[in-house]
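Here is the structure we will look at, set down as C-alpha cells.
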Ligand code: NDP
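Numbering (this note's numbering), first residue to last: 1187 to 1465.
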C-alpha cells in the first residue's frame, strides 16, 4: 500500500502547533515581507504567506513596490534589521533583473533570515551548526519522516542542485545519515541512478519527468516541482499516476511540498522570535 504524503494536512498540524507556541511568547512574532515588481505568481505567494502568518498569530507587515532602487531596498532592509520588533525578513524571489539579488539577500541579518538563503546560514547547515534552514527542504524532510523516522544508511538521490532546494536538501539528508547523490541536468544515466535510491527528491521544474521505471519498488518520492500544464492544471516533476503504485510513499502536487514550504516559513519566524525573546 502506498502512503500518500499529504503536505496540506501535515502543514495544518504544524500550523496548529505553532499557534500554541506563539501563545506562550510575550509578544506576537513579526514577519516583514518585501515584494517588488508585478509578477502575478509572486503576488499570490506573498498573499498566501501573509494570510498563513496572520492565521497562526504572526504579525505580518508587507512592503510592496512597483520598482525600487537597489540602494533604497538596502536601506529598507537595514531599517528592518535594526528594528527589534521585527523577527523575520523575507524578500520574495525572483527579484526584477535590474536588482542585485545576491547583495539583497546578503544584506538581511542572518538571525532574521527566515528563508534560510543567507550564505552564513547555508554555511552553518553545511558544517552542522544550528541556523534557519531553507523552508522547502525543511518541509520535504518532515514529509519524508512521515514515511520513515530513521533514514540512517538509506541512499537518497536529490535531482536538482539549486541553492534554495537541491543543495540544502542534500545537506539535510546527509545530516540524517543518508548516503546522498545530487543529480542535475548534466548527470548521466539518471533513470539508472534513481533506481538505486531509497529516497528520491525531485526539484527540476520539468513536468512529469520521473517515470515508474526510474524507481525502485518501495521508494519514498518527494516531488518539489510545480509546473502548469497547457490545460491550466498543476503537476509536479514526477509522473504521479504511473509512479504511485511503485512507491512506499509519495507526495502529490498540489497539496504536497507547497503547503509545507509555507508552514516552515512560519516555523522559522517563530523560532527566530523565540530565540530573540529568550535572550
Ligand atoms: P532551478 O531552476 O533553480 O534548478 C533546477 C535544477 O534542476 C538545476 O539544478 C538543473 O540542473 C536541474 N535540472 C533541470 N532539468 C533537469 C533534468 N532534465 N534532469 C536532471 N536535472 C535537471 O529550480 P528550483 O530548485 O528553484 O525549483 C525546482 C522546481 O521546484 C520548480 O518547479 C519550482 O517551481 C519548484 N519549487 C517548488 C517549491 C514548493 O514550495 N513546492 C519551492 C521552490 C521551488 P543544472 O544545475 O545542471 O542546470
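Ideal placement from N, C-alpha and C gives every residue a C-beta, glycine not left out.
Remember, predicted model here, so these are calculated numbers, not experimental data.
What distance in whole Å lies between the Cβ atoms of residue j and residue i, which are believed to be in contact at a cut-off of 8 Å?
i            : j            : result
residue 1205 : residue 1243 : 6 Å
residue 1307 : residue 1296 : 6 Å
residue 1238 : residue 1448 : 5 Å
residue 1332 : residue 1384 : Wrong, their Cβ atoms sit about 15 Å apart, outside the cutoff.
residue 1285 : residue 1259 : 7 Å
residue 1321 : residue 1346 : With 8 Å as the limit, residue 1321 and residue 1346 do not qualify as a contact, their Cβ atoms being about 16 Å apart.
residue 1392 : residue 1429 : Not confirmed; about 15 Å, so no contact.
residue 1278 : residue 1232 : 5 Å
Return the first residue and the last residue of the alpha helix (DSSP H) that residue i is part of.
i            : result
residue 1231 : 1226-1242
residue 1401 : That residue, residue 1401, is in no alpha helix (DSSP H); it is neither H nor E in DSSP.
residue 1313 : 1305-1313
residue 1290 : 1287-1293
residue 1202 : 1193-1209
residue 1381 : 1376-1381
In this structure, does DSSP put residue i in helix, strand or coil?
i            : result
residue 1439 : coil
residue 1423 : coil
residue 1331 : helix
residue 1388 : strand
residue 1414 : strand
residue 1351 : coil
residue 1433 : strand
residue 1258 : helix
residue 1300 : coil
residue 1342 : strand
residue 1452 : helix
residue 1428 : helix
residue 1190 : strand
Please tell me whether residue i and residue j are closer than 8 Å, where the distance is taken between their beta carbons.
i            : j            : result
residue 1360 : residue 1351 : no
residue 1389 : residue 1433 : no
residue 1454 : residue 1300 : yes
residue 1317 : residue 1328 : no
residue 1304 : residue 1313 : no
residue 1394 : residue 1381 : no
residue 1369 : residue 1376 : yes
residue 1431 : residue 1188 : yes
residue 1418 : residue 1191 : no
residue 1354 : residue 1319 : yes
residue 1248 : residue 1236 : yes
residue 1276 : residue 1290 : no
residue 1193 : residue 1444 : yes
residue 1197 : residue 1298 : no
residue 1463 : residue 1211 : yes
Within the continuous beta strand (DSSP E) that includes residue i, where are the two ends?
i            : result
residue 1250 : 1245-1251
residue 1274 : 1274-1277
residue 1217 : 1216-1222
residue 1368 : 1365-1369
residue 1409 : 1405-1409
Given 8 Å as the limit, is there contact between the stretch 1256-1276 and the stretch 1206-1221, that is, 3 or more CB pairs closer than that? yes
Does the stretch 1424-1433 come within contact of the stretch 1445-1454, defined as at least 3 CB pairs closer than 8 Å? no
Are the stretch 1436-1451 and the stretch 1401-1420 in contact at 8 Å, needing three or more beta carbon pairs? yes
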